[in-house]
Amino acid sequence: MPLALLALAVGAFGIGTTEFVVMGLLPGIAAEYGVSIPTAGLLVTGYALGVVVGAPLLTVLGGRVSRKRMLMLLMGLFVVGNVLSAVAPSFGLMLTGRVVASLAHGSFFGIGSVVAAELVAPDKKAGAIATMFTGLTVANIVGVPLGTFIGQAVGWRATFAVVAALGVVGLLGIARLVPAAPRPGGARLRGELKAFRNPQVLLAMAMTVLGFGGVFAAITYIAPMMTEVAGYSEGAVTWLLVLFGTGMFLGNLLGGRYADRALMPLLYVTLGGLAIVLALFTVAAHDKVLSAISVLLVGALGFATVPPLQKRVLDQAHGAPTLASAVNIGAFNLGNALAAWLGGTVIAAGFGYTAPNWVGAILAAAALGLALWSAALERRTPAVEAGAPEAVDSGARVPVHH
870 MPLALLALAV
880 GAFGIGTTEF
890 VVMGLLPGIA
900 AEYGVSIPTA
910 GLLVTGYALG
920 VVVGAPLLTV
930 LGGRVSRKRM
940 LMLLMGLFVV
950 GNVLSAVAPS
960 FGLMLTGRVV
970 ASLAHGSFFG
980 IGSVVAAELV
990 APDKKAGAIA
1000 TMFTGLTVAN
1010 IVGVPLGTFI
1020 GQAVGWRATF
1030 AVVAALGVVG
1040 LLGIARLVPA
1050 APRPGGARLR
1060 GELKAFRNPQ
1070 VLLAMAMTVL
1080 GFGGVFAAIT
1090 YIAPMMTEVA
1100 GYSEGAVTWL
1110 LVLFGTGMFL
1120 GNLLGGRYAD
1130 RALMPLLYVT
1140 LGGLAIVLAL
1150 FTVAAHDKVL
1160 SAISVLLVGA
1170 LGFATVPPLQ
1180 KRVLDQAHGA
1190 PTLASAVNIG
1200 AFNLGNALAA
1210 WLGGTVIAAG
1220 FGYTAPNWVG
1230 AILAAAALGL
1240 ALWSAALERR
1250 TPAVEAGAPE
1260 AVDSGARVPV
1270 HH
């Protein structure tokens, strides 16, 4: 694998840390600002919605900038947002900082996925994408638990200051290791938008929203669920997040390895397994051992869907992958926002801290249904209509840069 993939993984590490660390800090943030846990959950929803908006917007605006420069600008925006979160005197400004940081997220992973895929042979694309996302999964093993520990020991503001420093490291890594390449001048917005006329692209994005949403329905509220229901101490949340991150890391490896071989069967197994585990988590959350196992499995099954879903979008959006790739990253976070909001809603309605697990199970089951529908539709649709290169104007092609 090229060293450029390492640079992308470094950036992904910083972004992954800020995205997930807030979940372990929700009780402390809620207490300092005097808001409820469901209200504090808006920090997750707001971040996710910022990704949804920022992914297509910044990808389009950056279309005339080289990919390396765009990645560096995105990391700079990420640093600014985290600094604002660290010093915010009010909950509103804290939420604003989260949104500013999130604007860089979708475009970074979207553009990074295209760069990663272009750096390797066609049969290694999912593995390259998984390598970049390894930074995100390692963030959940190292960055998020460490950030949670810092937040509980020193204060959550120190956590976001450290995350901002991680962003600087990511920026320097991109500047040093990602090779300079001409801007993708062959890409046209009309051609990029044309990819969204392919129903398979839209179905893959819908699977992304629902499938990963299932993960976030449960994990957004892991801190109160584990302390109030399972009986863990506040300090144990750090190690539970390590367990979740370990599951994500293993799931990412699984997804990257098998997506190039059996993409749709992998989605059937992971989405179906995720729905079952989340349903059982409602009961398992009352037992320390079973709840810990559930956290590991949710991370593994949930993140095993990421490389195949991202690759499926790239495969179906032939000749115009950049915007579709970025929008699919936004779709992951639309699922996060939807699930965090739904989870907070059922908690606020008095159904308890385990209720979000049922929400997640329903979302994952719906994603499995879409995967089966997508496969059935593909079997009935000629290759050209399904998104073969002939279905996209040659002017919409994005040149390959090595």
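With the numbering used here applied, the sequence shown covers 870 to 1271. Glycine included, every Cβ here is placed at the ideal spot set by N, Cα and C. All figures in this text were calculated on a predicted structure; none of them were measured in a lab.
Check, Outcome
"Does the beta-carbon of ALA1200 have 16 or more other beta-carbons within 10 angstroms, so that it is buried, or is it exposed?", "buried"
"Taking all protein chains shown into account, do 16 or more other C-beta atoms lie within 10 angstroms of the C-beta of ARG1248, making it buried, or fewer, making it exposed?", "exposed"
"Leaving out the 5 sequence neighbours to the left and right, which residues in its chain are closer than 7 Å to SER1263 when beta-carbon positions are compared?", "Because the pLDDT at SER1263 is just 35, under 50, the model does not fix this residue reliably, and the value given afterwards should be weighed accordingly. Cβ within range, chain order: n/a, list empty."
"Can you give me the start and stop residues for the alpha helix (DSSP H) that GLU901 sits inside?", "872-902"
"Would you call the region 870-880 and the region 1035-1046 in contact, with 3 or more CB pairs under 8 Å?", "yes"
"Rounded to whole angstroms, what's the CA-CA distance from LEU1071 to GLN1179? Just pull it up for me.", "12 Å"
"Within 10 Å of its beta-carbon, does PRO1014 have 16 or more other beta-carbons around it, so buried, or fewer, so exposed?", "buried"
"To the nearest angstrom, report how far apart ASN1205 and GLY893 are at their CA atoms.", "16 Å"
"I need the DSSP call for ALA1252, collapsed to helix, strand or coil.", "Because the pLDDT of ALA1252 is 46, which lies under 50, any placement of that residue in the model is unreliable, and the number read from its coordinates should be weighed accordingly. Three-state result, ALA1252: coil."
"Starting from the Cα of LEU1035, find the closest Cα among GLY1213, SER1102, VAL1146, THR886 and give me that residue.", "THR886"
"Hey, how far is the Cα of VAL1269 from the Cα of MET1074?", "Residue placement at VAL1269 cannot be trusted, given a pLDDT of 33 that sits under 50; the coordinates are not used to answer."
"Compute the distance between the beta-carbons of ALA1208 and LEU1246, then report whether it is under 8 Å.", "no"
"Excluding the five sequence neighbours on either side, which residues of its own chain have a C-beta within less than 7 Å of the C-beta of VAL1031, listed in chain order?", "GLY1016, ILE1019"
"Just reading off the alpha helix (DSSP H) that ASP1184 is part of, what are its end residues?", "1175-1185"
"According to DSSP, is SER1243 helix, strand or coil?", "helix"
"Which residues bound the alpha helix (DSSP H) around PRO1014?", "1013-1022"
"Give the secondary structure of PRO958 by DSSP, where H, G and I count as helix, E and B as strand, and everything else as coil.", "coil"
"Taking Cβ to Cβ, would you say ALA1086 is nearer than 8 Å to GLY1221?", "no"
"Once DSSP output is grouped into helix, strand and coil, what is the label at VAL1261?", "At VAL1261, the pLDDT of 37 sits below 50, so the modelled position is not reliable; the number obtained from the coordinates is stated separately. In the structure shown, VAL1261 sits in coil (DSSP, three-state: anything other than H, G, I, E or B)."
"Can you tell me whether ARG1066 is buried or exposed, with buried defined as 16 or more other CB within 10 angstroms of its CB?", "exposed"
"Confirm, please, whether the CB-CB distance from ALA924 to VAL1196 is below 8 Å.", "yes"
"Could you tell me the distance, in whole angstroms, from the CA atom of ALA1161 to the CA atom of LEU1109?", "7 Å"
"Among GLY919, GLY1024, ASN1202, GLY966, whose alpha-carbon lies nearest the alpha-carbon of THR1089?", "ASN1202"
"Taking 7 Å as the limit between beta carbons, can you name the residues of its chain near LEU964, skipping five residues before and five after?", "LEU911, LEU912, GLY915"
"Give a yes or no on whether the minimum CB-CB distance between VAL969 and chain D is below 8 Å.", "The structure shown contains no chain D; it is built from a single protein chain."
"For VAL1047, which three-state DSSP category applies?", "coil"
"Please tell me whether PRO1225 and GLY1238 are closer than 8 Å, where the distance is taken between their beta carbons.", "no"
"So, do the region 1147-1158 and the region 1092-1100 have three or more beta carbon pairs nearer to each other than 8 Å?", "yes"
"Give the secondary structure of PHE1172 by DSSP, where H, G and I count as helix, E and B as strand, and everything else as coil.", "helix"
"Do THR1115 and THR1139 come within 8 Å of each other at the CB atom, strictly closer than that value?", "no"
"Tell whether a beta-carbon distance below 8 Å holds between ILE1198 and VAL920.", "yes"
"Contact check, GLY883 vs VAL1084 under 8 Å by CB: the rounded distance?", "Between VAL1084 and GLY883 the Cβ distance is about 21 Å, and since that is not below 8 Å, they are no contact."
"Could you check the C-alpha separation between ALA1105 and VAL1111 for me, to the nearest Å?", "10 Å"
"Give me the Cα-Cα distance between PHE1081 and ALA1234, rounded to the nearest whole angstrom.", "11 Å"
"What does a CB cutoff of less than 6 Å around ALA1236 pick up in its chain, not counting 5 residues either side in sequence?", "MET1076, LEU1079, GLY1080, LEU1140"
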